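Chemist: For reference, the structure I am asking about is given below.
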Amino acid sequence: MKVADICRIVEDFASLDKQESYDNSGLQVGNPEAEVSGVLICLDITESVIDEAIAKACNMVLSHHPLLFRGLKQITGRTAVERVVIKALQHGVALYSGHTNVDSVRQGVSAKMCEKLGLRPLGFLSAKSEDAGLGMIGEFDQAISEDEFLALVKKTFACASLRHSAKTGSTIKRVALCGGSGAEFLSTAIAEKADAYLTADVKYHEFSAPEGRLLLVDAGHFETEQYTKEIFYDLLSKNIATFALQISQTESNPVCYF
């Protein structure tokens with residue numbers, strides 16, 4: 021099994037042409053013809069993740085967030101990104117990221133959020149085509165209270181805390197979701213008659229925008245995208261029967277709470 025074979029499996033699931041224009045998904049570091057001894061799956065590629073991959077004899081790291089978004093003008097080890105690239109090259113560790121292309125497929129990040137919350141997925145929140153879009157609309161079989169919804173979100177995504185808009189006084193049945201930064205789709209969620217919109221990275225003034233039309237909930241970027249690792253693990257394990265796949269145990273949320 022070569023690096024290129026792993027890339028092909030991921031891209032058959034979520035082709036690179038589905039990524040956003042600003043994105044940099046795909047193979048970022050490494051030789052596509054190298055034989056793979058094991059794959060370590062993570063959300064973010066950090067120095068500790070590379071160290072873990074080396075310790076576990078994994079010579080490929082598969083992440084959700086790309087390490088490289090912009091070109092490097094030098095690789096001297098001055099920054100964390102440069103140090104990761106140097107260490108990966110020194111130890112022959114290939115780095116691959118599946119980011120907004122994985123956000124955009126029907127069984128992607130937001131669909132996984134639906135699954136975890138027990139929502140029945142109805143379709144994309146913001147469709148690009150029949151088989152691609154961002155976010156998801158889902159429904160509970162039975163409506164629940166706003167407090168029950170907030171408690172469910174907090175437990176499901178292991179949130180230290182939740183930020184949310186003023187409660188509407190209504191029950192929650194129809195939910196819009198977008199893993200990661202999704203505040204730009206708030207107006208779409210309102211137009212779709214969602215009772216709640218669950219996303220991350222919401223700015224201060226955006227919490228006033230719903231004006232009682234829905235409950236806006238910010239559960240955190242790491243929290244809402246953490247189960248992307250399960251998407252990758254299930255995808256590879258289904259396509260490669262006997263292969264060393266591991267989910268990173270050293271990775272943690274870079275946002276800390278006091």
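So the sequence shown is numbered by my numbering: it starts at 21 and just counts up by one. C-beta: ideal position from N, C-alpha, C; glycine also. Bear in mind the structure is a predicted one, so any value in this text is a computation, not a measurement.
1. Which residues in the same chain have their Cβ closer than 7 angstroms to the Cβ of L172, if we skip the five residues on either side of it in sequence?
2. Taking the alpha carbon of S124 as the reference point, which residue from S117, A108, V105 and S149 has its own alpha carbon closest?
3. Please confirm if the region 175-189 is in contact with the region 202-213, defined as three or more CB-CB distances below 8 angstroms between the two stretches.
4. Reducing DSSP to helix, strand and coil, say where I61 ends up.
5. Can you have a look at L92 and say buried or exposed, based on whether 16 or more other CB atoms are within 10 angstroms of its CB?
6. My parser needs the beta strand (DSSP E) runs of 3 or more residues fully inside the region 207-243; what are they?
7. For Q94, name the three-state secondary structure that DSSP assigns.
8. Pick from H119, S165, G112 and Y224: whose alpha carbon is nearest that of F33?
9. For L88, which of helix, strand or coil comes out of DSSP?
10. Helix, strand or coil, according to DSSP, for Q162 in the structure here?
11. Which stretch, first to last residue, makes up the alpha helix (DSSP H) that contains V30?
12. With DSSP as the reference, please indicate the residues paired to S68 in a beta bridge.
13. Where does L228 land, buried or exposed, given buried means 16+ other C-beta within 10 angstroms?
14. Apply the 10 Å Cβ neighbour rule to F278 and answer buried if 16 or more other Cβ atoms are within range, or exposed otherwise.
15. With distances taken from CA atoms, which of I192, I29 and K174 is nearest L139?
16. In terms of residue numbering, what span does the beta strand (DSSP E) encompassing C198 cover?
17. Going by DSSP, what residue range makes up the beta strand (DSSP E) through I267?
18. According to DSSP, simplified to helix, strand and coil, what is S257?
19. What residue range is occupied by the uninterrupted beta strand (DSSP E) comprising K148?
20. Considering just the uninterrupted stretch of the beta strand (DSSP E) at A152, what are its terminal residues?
21. Note the first and the last residue of the continuous alpha helix (DSSP H) segment covering L137.
22. Apart from the five residues just before and just after A134, which ones in its own chain have a Cβ nearer than 7 angstroms to its Cβ?
23. I'd like to check one pair, L236 with Y253: are the Cβ atoms closer than 7 angstroms?
24. Roughly how many angstroms separate the alpha carbons of V23 and E166, rounded to a whole number?
25. Quick one: what does DSSP say A108 is sitting in, helix, strand or coil?
26. Can you check which of these residues, A163, A220 and I210, is closest to R183 by C-alpha distance?
27. Could you check what DSSP says for E250 in three-state terms: helix, strand or coil?
Modeler: Here's the rundown:
1. L137
2. S149
3. no
4. strand
5. exposed
6. 216-220 and 235-238
7. coil
8. Per the Cα distances, H119.
9. coil
10. Q162: strand per DSSP, three-state reduction.
11. Note, V30: alpha helix (DSSP H), V23 to F33.
12. None; S68 has no bridge partner.
13. According to the sequence provided, residue 228 is Ser. The question's Leu does not apply to it. Burial is judged here by how many other beta carbons sit within 10 angstroms of a residue's own beta carbon; S228 has fewer than 16 and is exposed.
14. exposed
15. For the residues I192, I29 and K174, the minimum Cα distance to L139 belongs to I192.
16. For C198, the enclosing beta strand (DSSP E) stretches over residues I192 to S201.
17. L265 to I267
18. helix
19. S146 to S149
20. A152 to L154
21. V129 to L137
22. Before going on, a small fix: residue 134 reads as Cys here, not Ala. Excluding residues within five positions, the ones whose Cβ falls inside 7 angstroms are P141, M156, G158 and L197.
23. In this structure, L236 does not lie closer than 7 angstroms to Y253 by Cβ.
24. CA-to-CA, the gap between V23 and E166 works out to about 46 angstroms.
25. DSSP, read as helix, strand or coil, puts A108 in helix.
26. A220
27. Helix.
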